[in-house]
Amino acid sequence: MKNIVILISGRGSNMQALLTADANYRIAAVISNRADAGGLAFAQAHGIPTAVVAHRDHPDRDSFDAALAQVVDSFQPDFVILAGFMRILTSYFVMHYQGRLINIHPSLLPSYTGLHTHARALQDGVKIHGCTVHFVTPDLDHGPIIIQAAIPVLADDTEHTLSARVLHEEHRVFPQAVRWLCAGQIELSKDGKVVNRSRNQAGLALISPALE
Ligand code: GRF
């Protein structure tokens, strides 16, 4: 069974989804850059080792990332999973885990990279929004895409309702992506493309608003 290490910064609901999912992986550790990350208690309550590498204790990104990589590597992960990890990682860190580092982002990339994705989608009046799981490359939120879930944006949506519906989909696609990765069904090719050997190549179309 493959070992994964999950990095979080906050409540850790995606980490919880990975922990409670039907898994072909072992969660070797949950690591946070913040001691007050809510998800740490959940992981501990489930017997998962946790660690904190506080970015505040380091003078710059390079030294923080070096310290983080050292702790991550001490758990000997096959894959490193960013689940709401709110630090921009250096190229050093990203290249150290090339093809073994994935992230979940709350938008349909390449739209809405960065922060406040739901508010910006509402502001633009897009009719379809969603989330993306992707391999991490040094180019922030632009790594090769593994899986996306799309949902309709409703006329009365607020940032709160929209983010809740996107989060629900995050909790479905993220465990799938990690299972694929751990089963060897997906990988990052040398030319930076996602190779997916899973059987289900086509999902359903989402058209929003619906056709009449
Ligand atoms: C999620 O929306 C994720 O896509 C983004 O940060 C949020 C983390 O939420 N990267 P949680 O900590 O997993 O609940």
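If you're matching positions, the sequence shown starts at 130 in the numbering used here and goes up one per residue. The beta carbon of each residue, even a glycine, is placed where N, CA and C say it ideally should be.
For Asn153, there is no enclosing beta strand (DSSP E), as DSSP marks it with neither H nor E. Under DSSP, Ser161 shares a beta bridge with Ile137 and Val181.
Between the region 130-140 and the region 296-304 there are fewer than three inter-stretch CB-CB distances shorter than 8 Å, so the stretches are not counted as touching. The beta carbon of Leu169 lies closer than 8 Å to those of Ile137, Gly141, Val159, Ser161, Thr179 and Val181 in the same chain, with the five residues before and after it left out. The continuous beta strand (DSSP E) containing Leu230 extends over residues Leu230 to His234. Within the region 287-320, the complete beta strand (DSSP E) segments at least 3 residues long are 315-317, listed from N- to C-terminus.
Apart from the 5 residues on each side of it in sequence, Leu317 sits with its Cβ closer than 8 Å to the Cβ of Gln227, Gly228, Phe264, Pro273, Val323 and Val324 in its chain, given in chain order.
Counted as a single uninterrupted DSSP element, the alpha helix (DSSP H) harbouring Leu169 occupies residues Gly168 to Ala174. Considering only Tyr221, Thr266, Arg155 and Ile231, the residue with the shortest C-alpha distance to Leu211 is Ile231. Distances between the C-beta of Pro267 and the heavy atoms of ligand 1 are all 7 Å or more. Apart from sequence neighbours up to five positions away, the residues of its chain that approach His175 with a beta-carbon distance below 7 Å are Leu148, ordered along the chain. In this structure, Tyr154 sits away from Val295, with a CB-CB distance that is not shorter than 8 Å.
Here the alpha carbon of Ser292 sits roughly 6 Å from the alpha carbon of His247. Taking the C-beta atoms as reference points, Thr261 is found nearer than 8 Å to Leu237. In this structure, the C-beta of Ile137 approaches ligand 1 to less than 7 Å from one of its heavy atoms.
Within the same chain, no Cβ atom closer than 8 Å to the Cβ of His289 is found once the five residues on either side in sequence are excluded. Fully contained in the region 247-280 are the following beta strand (DSSP E) runs of length 3 or more, in chain order: 257-264. Counting along the chain, Val209 sits inside the beta strand (DSSP E) bounded by residues Phe208 to Leu211. The shortest C-alpha to C-alpha distance from Gly213 to any of Gln205, Ser192 and Gly243 is the one to Gly243. When the five nearest sequence neighbours on each side are left out, the beta carbons in the same chain lying within less than 6 Å of the beta carbon of Phe193 are those of His184 and His187, in order along the chain.
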